[in-house]
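S.K.: Right, I'll just put the structure down here and ask away after.
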Amino acid sequence: MGNLIHPDFKRSAKSLSGELSIQSLHKQYRLERNYLNVLENINLTILPGEFVSIVGPSGCGKSTILRLVVGLDSDFQGRILLDGKPITSTSTDRGIVFQDHRLFPWMTVWENIAFALVNSDLPSAEKRDIVSLNIKRVNLTGFANAYPHQLSGGMAQRAAIARALVNEPKILLLDEPLGALDALTRLYLQAELQRIWIQHRSTMIMVTHDVEEALFLGDRVVVMQANPGRIKRVVPVPLEHPRDRSSPLFHRLKDEILADLIDTDSTAEAKRAKSLALRSDLG
Amino acid sequence: MGLVFLKRLKGLVLPLVLLMVWEIASRQGRAYALTFIPIEKIGRSLIETILSGELLTNLLASLGTASTGLLIGGTVGLGLGSLMGLYPRVDKIIGPVFHSFRQVPLLGWIPLIGLWFGNGCLAKTLVVCLASFYPMVLNSYAGIRNVENNHLEVGRVLGASRWQTYRYILIPGALPFIFIGIYHALAFSWISTVGSELLFTAGPGLGGMMQTAQMAAKMDIVIICVASIGVVGLLMNVSLAKLSGHLLRWRSTR
Chain F
9 MGNLIHPDFK
19 RSAKSLSGEL
29 SIQSLHKQYR
39 LERNYLNVLE
49 NINLTILPGE
59 FVSIVGPSGC
69 GKSTILRLVV
79 GLDSDFQGRI
89 LLDGKPITST
99 STDRGIVFQD
109 HRLFPWMTVW
119 ENIAFALVNS
129 DLPSAEKRDI
139 VSLNIKRVNL
149 TGFANAYPHQ
159 LSGGMAQRAA
169 IARALVNEPK
179 ILLLDEPLGA
189 LDALTRLYLQ
199 AELQRIWIQH
209 RSTMIMVTHD
219 VEEALFLGDR
229 VVVMQANPGR
239 IKRVVPVPLE
249 HPRDRSSPLF
259 HRLKDEILAD
269 LIDTDSTAEA
279 KRAKSLALRS
289 DLG
Chain H
167 MGLVFLKRLK
177 GLVLPLVLLM
187 VWEIASRQGR
197 AYALTFIPIE
207 KIGRSLIETI
217 LSGELLTNLL
227 ASLGTASTGL
237 LIGGTVGLGL
247 GSLMGLYPRV
257 DKIIGPVFHS
267 FRQVPLLGWI
277 PLIGLWFGNG
287 CLAKTLVVCL
297 ASFYPMVLNS
307 YAGIRNVENN
317 HLEVGRVLGA
327 SRWQTYRYIL
337 IPGALPFIFI
347 GIYHALAFSW
357 ISTVGSELLF
367 TAGPGLGGMM
377 QTAQMAAKMD
387 IVIICVASIG
397 VVGLLMNVSL
407 AKLSGHLLRW
417 RSTR
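Listed in order, the protein sequences are those of chains F and H.
As numbered in the numbering used here, residues 9 to 291 make up the first sequence, in order.
As numbered in the numbering used here, residues 167 to 420 make up the second sequence, in order.
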């Protein structure tokens, strides 16, 4: 990290691709005979190289959006376009990191990361270079031959990030990537994620429960609400990276977003959202 | 080091005690000596059968039957178990037939197999195939079904083909179960080899050698056969444990 990064760095030449456009997206689940609206009329355009955080109560469909964008689920109405092309299935131009690291326990760190290149046409020497570069990128040098069970949660998650980065995806999706980690590791990895984002310059979308984390990393924070899952508000974060968590604006934005999350109608849902927001405040 | 050595010796205590009891029993008179053959006499016969090549020929024949049967039955079992685990439709079509066939004890097939395939090598191998087939089907099925959907999703995200998914995700994910299958298949194949040799007596094999010796009242040879079968079985188990320890080294040791 170190030097200050201006918000307009993302308009640099390398990151002209990676524009995600979500247009009138609807998704329903079928529960026996009833339809449950998981996502209702989601419209969101994410610029190339932009970091967007999504916060919202459980059940607001924020992780579902990522599953749709990555292509694991194609049962939706509306359009999802990456650089103008509709998304139909999974592809290596989109990477994802899940909350559970999902490394294959039978592969070493090296093998796990290299597996992401299983269908790449690159010569094997080049593949080796790419894998070791990405291991270095997430600071796991020296652990290439370790098996996942030998790693701490934070290290495993970093290996998962490396695996997602290996194909140089245009867009990286982060589904509560730090949610299962302890508070200290989380702070450390937030800084790491920011460093990787700055170096990698790809578009990133991160779903999180933690409002502070969303503000620390995001150029914009999308606040969602549940039943049906929809976007309540999109909050721009006009602060330079790396952000000072103690700055007055940071605090004001945090309070605003927390208020947004708590301020839903006074139903049982509201209580649930409130407790969640409070928890993420503590976290 | 010394302690480890002593610990290993512990396993030898019981066999040594049994040998001593055996030897004492054999010295209780002529009648006893017929059933409890003196160890010294067994030793002499052992050297004889080794030098004449009789033991080795029969042992190799048995090992050949066991490994052929294990390889064929195990591979087909792994294939069918995988298919049933992967495709519910295959499971629905083949499952009921498989599970009803499985209820018939191996011995129940002997008359039919004898009728159709004679009482030679083919019949024996077929029995062994069946013996290793069942546990491999059951365990590879369970193993494939047990692979986490989370891991399969990673394969989809990374664009793995069907074969790559099978080779790099499903098989390794199912490997702990598959090894349980191999353990059972190995034990059953060895047991059924000897069993089928006792029943289908044509051709060489430890079972046949035992049968012949019994009819000639050569109890020392019978005992040598029994002991060889036990020792070989033990060696197989130990080497498989080593192999599975290596291939499953990625599992955390609790």
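In this text, a Cβ means the ideal position worked out from N, Cα and C, and glycines have one as well.
All values derive from a computational prediction rather than experimental measurement.
(1) Would you say F:Ile104 reaches chain H, if we count a Cβ-Cβ gap shorter than 8 Å as a contact?
(2) Here's the rule: buried if 16 or more other CB atoms are within 10 angstroms of the residue's CB, otherwise exposed. What is F:Leu111?
(3) What residues in the segment 313-333 of chain H have a beta carbon less than 8 Å from any beta carbon of chain F?
(4) Taking Cβ positions, are H:Lys290 and H:Thr241 nearer each other than 8 Å?
(5) Quick check on DSSP: helix, strand or coil for F:Pro41?
(6) May I ask you to list the residues that DSSP assigns as paired with F:Thr7?
(7) If you run the structure through DSSP and keep just helix, strand and coil, what is H:Gln377?
(8) Does any residue of chain H bring its CB to less than 8 Å from the CB of F:Tyr155?
(9) Is the beta carbon of F:Arg260 less than 8 Å from the beta carbon of F:Phe224?
(10) Between F:Leu76 and F:Pro185, what straight-line distance do the alpha-carbon atoms span, to the nearest angstrom?
(11) What is the residue span of the alpha helix (DSSP H) that F:Gln233 lies within?
(12) Would you mind working out which of F:Gly226, F:Leu159, F:Gln202 and F:Ala222 sits nearest H:Arg417, comparing C-alpha positions?
(13) Beta-carbon within less than 7 Å of F:Ala154's beta-carbon, same chain only, minus the 5 sequence neighbours each way: which residues are those?
(14) Give the DSSP bridge partners of F:Phe59, in chain order.
(15) Going by C-alpha distance, which of H:Asn305, H:Pro301, H:Thr331 and H:Tyr300 is nearest H:Asn315?
(16) Measuring straight from C-alpha to C-alpha, what distance separates F:Met232 and H:Ile348?
(17) Contact criterion: CB-CB distance below 8 Å. Does F:Trp114 meet it with respect to chain H?
(18) In angstroms with no decimal places, state the Cα-to-Cα distance between H:Tyr300 and H:Arg268.
(19) For the segment 182-199 of chain F and the segment 165-174 of chain F, state whether three or more C-beta atom pairs, one from each stretch, are separated by less than 8 Å.
(20) With DSSP as the reference, please indicate the residues paired to F:Ile54 in a beta bridge.
(21) At least one CB of chain C closer than 8 Å to the CB of F:Phe123: is that the case?
(22) So, is the C-beta of H:Leu341 closer than 8 Å to a C-beta in chain F?
(23) On the criterion of 16 or more Cβ atoms from any shown chain inside 10 Å, does F:Pro256 qualify as buried, or is it exposed?
(24) Taking just the CA atoms, how far does H:Phe354 sit from F:Arg102?
(25) Among the candidates H:Leu288, H:Thr378, H:Ala340 and H:Ala197, whose CA atom is the shortest distance from the CA of H:Thr359?
(26) F:Leu80 touches chain H at which residues, Cβ-Cβ below 8 Å?
(27) Can you tell me whether F:Lys35 is buried or exposed, with buried defined as 16 or more other CB within 10 angstroms of its CB?
(28) Going straight from the alpha carbon of H:Ile216 to that of H:Leu229, what length do you get?
(29) Leaving out the 5 sequence neighbours to the left and right, which residues in its chain are closer than 7 Å to F:Val229 when beta-carbon positions are compared?
(30) Which residue from H:Thr367, H:Arg333 and H:Ile344 puts its Cα closest to that of H:Leu406?
(31) Tell me the rounded alpha-carbon separation between H:Leu413 and F:Trp114.
(32) Fully enclosed by the segment 75-148 of chain F, which alpha helix (DSSP H) runs are 4 residues long or longer?
(33) Alpha carbon to alpha carbon, how far is H:Leu409 from H:Ala297?
(34) Mind checking whether H:Leu365 and H:Ile310 have CB atoms under 8 Å apart?
(35) List, in chain order, every chain F residue whose beta-carbon is nearer than 8 Å to that of H:Ile335.
(36) Between F:Val229 and chain H, is the shortest Cβ-Cβ distance under 8 Å, so that the two count as touching?
M.R.: Reading it off the structure:
(1) In the first sequence, residue 104 of chain F corresponds to position 96, counting from 1. F:Ile104 counts as touching chain H.
(2) To locate residue 111 of chain F, count along the first sequence from 1; it is residue 103. The residue is buried, with at least 16 neighbouring Cβ atoms inside 10 Å.
(3) Asn316, His317, Glu319, Val320, Arg322, Val323, Leu324, Gly325, Ala326, Ser327 and Gln330
(4) Walking along the second sequence from the start, residue 290 of chain H turns up at place 124. Walking along the second sequence from the start, residue 241 of chain H turns up at place 75. Cβ atoms of H:Lys290 and H:Thr241: not closer than 8 Å.
(5) Residue mapping note: residue 41 of chain F aligns to position 33 of the first sequence, counting from 1. A small correction: the amino acid at residue 41 of chain F is Arg; Pro does not occupy that position in the sequence shown. F:Arg41 falls in the coil class under three-state DSSP.
(6) As shown, chain F starts at 9 and ends at 291. That puts residue 7 of chain F outside it, with no answer to give.
(7) In the second sequence, counting from the first residue as 1, residue 377 of chain H sits at position 211. DSSP, read as helix, strand or coil, puts H:Gln377 in helix.
(8) In the first sequence, the residue the question calls residue 155 of chain F occupies position 147. Yes, F:Tyr155 lies at the interface with chain H (some Cβ there is under 8 Å from its Cβ).
(9) The residue given as residue 260 of chain F occupies position 252 in the first sequence. The residue given as residue 224 of chain F occupies position 216 in the first sequence. At a Cβ-Cβ threshold of 8 Å, F:Arg260 and F:Phe224 do not count as neighbours.
(10) Residue mapping note: residue 76 of chain F aligns to position 68 of the first sequence, counting from 1. Residue mapping note: residue 185 of chain F aligns to position 177 of the first sequence, counting from 1. Cα to Cα, the separation comes out at about 17 Å.
(11) Within the first sequence, residue 233 of chain F is the residue found at index 225, counting from 1. Premise fails: F:Gln233 lies in the beta strand (DSSP E), Arg228 to Gln233, not in any alpha helix (DSSP H).
(12) Walking along the second sequence from the start, residue 417 of chain H turns up at place 251. When each option's Cα is compared against that of H:Arg417, the closest is F:Leu159.
(13) Position 146 of the first sequence holds residue 154 of chain F. Closer than 7 Å at the Cβ level, and outside the excluded window around F:Ala154, lie Thr116 and Val117.
(14) Start at 1 with the first residue of the first sequence, and residue 59 of chain F comes out as number 51. According to DSSP, which records beta bridges pairwise, F:Phe59 is partnered with F:Met212.
(15) For this step, residue 315 of chain H is matched to residue 149 along the second sequence. It is H:Thr331.
(16) By 1-based counting over the first sequence, the position of residue 232 of chain F is 224. By 1-based counting over the second sequence, the position of residue 348 of chain H is 182. Those two C-alpha atoms are separated by around 52 Å.
(17) Position 106 of the first sequence holds residue 114 of chain F. Cβ-Cβ to chain H under 8 Å: yes for F:Trp114.
(18) Here the question's residue 300 of chain H lines up with position 134 in the second sequence. Here the question's residue 268 of chain H lines up with position 102 in the second sequence. For H:Tyr300 and H:Arg268, the distance between alpha carbons rounds to 7 Å.
(19) yes
(20) Reading the first sequence from its first residue, position 46 is the one you call residue 54 of chain F. In DSSP, F:Ile54 forms a bridge with F:Leu28.
(21) In summary, chain C is missing from the structure at hand, where the protein chains are F and H.
(22) Taking the second sequence and counting its residues from 1, the one referred to as residue 341 of chain H is at position 175. Cβ-Cβ to chain F under 8 Å: yes for H:Leu341.
(23) What you label residue 256 of chain F is simply residue 248 of the first sequence in a count that begins at 1. By the 10 Å Cβ count, F:Pro256 comes out exposed.
(24) Residue numbering aside, residue 102 of chain F sits at position 94 when the first sequence is read from its first letter. Residue numbering aside, residue 354 of chain H sits at position 188 when the second sequence is read from its first letter. Distance between the alpha carbons of F:Arg102 and H:Phe354: 49 Å.
(25) As a position in the second sequence, residue 359 of chain H is number 193, starting the count at 1. Checking every option, the nearest Cα to that of H:Thr359 belongs to H:Leu288.
(26) On the first sequence, position 72 is the one that residue 80 of chain F refers to. Residues of chain H passing the Cβ test: Glu319, Arg322 and Val323.
(27) Working through the first sequence from its first residue, we reach residue 35 of chain F at position 27. The residue is buried, with at least 16 neighbouring Cβ atoms inside 10 Å.
(28) Residue mapping note: residue 216 of chain H aligns to position 50 of the second sequence, counting from 1. Residue mapping note: residue 229 of chain H aligns to position 63 of the second sequence, counting from 1. Rounded to the nearest angstrom, the two C-alpha atoms are 16 Å apart.
(29) Walking along the first sequence from the start, residue 229 of chain F turns up at place 221. Ser61, Val63, Ala222, Leu223, Val243, Val245 and Ile265, listed in sequence order.
(30) Here residue 406 of chain H corresponds to residue number 240 of the second sequence, with the count starting at 1. With distances taken between Cα atoms, H:Leu406 lies closest to H:Ile344.
(31) Here the question's residue 413 of chain H lines up with position 247 in the second sequence. Here the question's residue 114 of chain F lines up with position 106 in the first sequence. Rounded to whole angstroms, H:Leu413 to F:Trp114 spans 9 Å at the Cα level.
(32) 117-123 and 132-145
(33) Within the second sequence, residue 409 of chain H is the residue found at index 243, counting from 1. Within the second sequence, residue 297 of chain H is the residue found at index 131, counting from 1. Distance between the alpha carbons of H:Leu409 and H:Ala297 is about 21 Å.
(34) Sequence index remark: in the second sequence, residue 365 of chain H carries index 199 (1-based). Sequence index remark: in the second sequence, residue 310 of chain H carries index 144 (1-based). Not closer than 8 Å, so no.
(35) Along the second sequence, one-based indexing puts residue 335 of chain H at 169. Simply Phe112.
(36) Translated into the one-based positions of the first sequence, residue 229 of chain F becomes position 221. F:Val229 does not count as touching chain H.
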